[in-house]
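Trainee: Please see the structure below; I have some questions.
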Amino acid sequence: MNRAEKAALQLRAVSVLRTLKETRTYDELAEETGLPAGDLNRYVNGHVLPSADRAREVVDEIGATMLRAEIRERVRLDDEGYVDNSGIVFDQSLLDLVAPVAAETYEFDRPDVVLTAATDGITLAASLARYYDARCAYAKKAKETAVEEFIEARQRLDSGIELTYYLPAAALSAGETVLVVDDLIRSGETQELLLDIGDEAGATVVGVFTLIAVGQDGLERAEALTDAAVGALVDLE
616 MNRAEKAALQ LRAVSVLRTL KETRTYDELA EETGLPAGDL NRYVNGHVLP SADRAREVVD
676 EIGATMLRAE IRERVRLDDE GYVDNSGIVF DQSLLDLVAP VAAETYEFDR PDVVLTAATD
736 GITLAASLAR YYDARCAYAK KAKETAVEEF IEARQRLDSG IELTYYLPAA ALSAGETVLV
796 VDDLIRSGET QELLLDIGDE AGATVVGVFT LIAVGQDGLE RAEALTDAAV GALVDLE
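When we follow this note's numbering, the leftmost residue of the sequence shown carries the number 616, and every step to the right adds one.
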């Protein structure tokens, strides 16, 4: 690990701890992480950076474990299996914690563009785009009236309904790298359309990431469509 990589890892760890600290006292955070409260105080307030080994522990183990538990706690499932994740996608501070954990867990190459589908994926995509210092783009089911050119992806679903997404052509260019992101994956239909948009634009996909997976069907569908890393932070089944 060179000096720049070490510094990036240390700053990721501090970002994770600061987000966790927003809803916990130092004593509570110490109890949950196993790290001394005094050390946590110094990290969170920027007085000192954690060592590389401790930073790796925070990002790979502590942050990921606590984040997955927090997300599972907030997800609501009704009797018909519909997912309510509004308690997650409306909490920007929680999503800001997802970004460094996702980046460290799946080691996505830095994208030029983070691409998602309107609307629930937008807050997650914005967090990842900010983390990677990338642009955020989102496809919609309807064309924007002031835009002249679109990249279009269309698919007929098993139900017979035709689903179409449109992305302004200026949002993604040939030769750029793109990370496909969404808040939820079940069948993988939306992710396939986003991958089609990336392919149509001539972009290179560096990964597919979703916050919540309902089973493995959607993940397996995405894996069959790209050679890039595919991952979900939480699997509900």
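Beta carbons are placed, not taken as given, at the ideal position from N, Cα and C, and that holds for glycine. Keep in mind that this is a model prediction, so the values were computed, not measured.
Expressed to the nearest angstrom, what Euclidean distance is found between the alpha-carbon atoms of Gln-625 and Ala-667?
Mentor: The residue you call residue 625 lines up with position 10 of the sequence shown. The residue you call residue 667 lines up with position 52 of the sequence shown. If I take the Cα positions, the gap works out to 6 Å.
Trainee: Terminal residues of the continuous alpha helix (DSSP H) containing Arg-657?
Mentor: Position 42 of the sequence shown, counting from 1, holds the residue named residue 657. Start and end: 652-659.
Trainee: Less than 8 Å between the beta carbons of Glu-815 and Ile-737, yes or no?
Mentor: Within the sequence shown, the letter at position 200 stands for residue 815. Within the sequence shown, the letter at position 122 stands for residue 737. Not a contact, by the Cβ cut-off of 8 Å.
Trainee: Could you say which of Ala-749, Leu-808 and Ala-754 lies nearest to Glu-764 if we only look at CA atoms?
Mentor: Locating residue 764 in the sequence shown gives position 149, counting from the first residue. Ranking the options by Cα distance to Glu-764, first place goes to Ala-754.
Trainee: Leaving out the 5 sequence neighbours to the left and right, which residues in its chain are closer than 6 Å to Thr-648 when beta-carbon positions are compared?
Mentor: For the purposes of this step, residue 648 is taken as the residue at position 33 of the sequence shown. Closer than 6 Å at the Cβ level, and outside the excluded window around Thr-648, lie Ile-677.
Trainee: Assuming Val-795 and Gly-813 are in contact, meaning their beta carbons sit under 8 Å apart, how far apart are those beta carbons, in whole angstroms?
Mentor: The residue you call residue 795 lines up with position 180 of the sequence shown. The residue you call residue 813 lines up with position 198 of the sequence shown. Confirmed, about 7 Å.
Trainee: Unbroken beta strand (DSSP E) runs of length 3 or more, entirely within the segment 709-742: which are they?
Mentor: 728-732
Trainee: Can you give the Cα-Cα distance for Thr-691 and Thr-680, rounded to whole angstroms?
Mentor: Translated into positions along the sequence shown, residue 691 becomes position 76. Translated into positions along the sequence shown, residue 680 becomes position 65. The question names Thr, but residue 691 in the sequence shown is Arg. When rounded, the distance between both Cα atoms is 19 Å.
Trainee: May I ask which residues mark the beginning and end of the beta strand (DSSP E) holding Gln-770?
Mentor: In the sequence shown, the residue the question calls residue 770 occupies position 155. From DSSP, the beta strand (DSSP E) with Gln-770 extends over 765-771.
Trainee: Among Asp-727, Leu-848 and Asp-735, which residue has its Cα nearest to the Cα of Phe-705?
Mentor: Reading the sequence shown from its first residue, position 90 is the one you call residue 705. Comparing Cα-Cα distances from Phe-705 to each of Asp-727, Leu-848 and Asp-735, the minimum goes to Asp-735.
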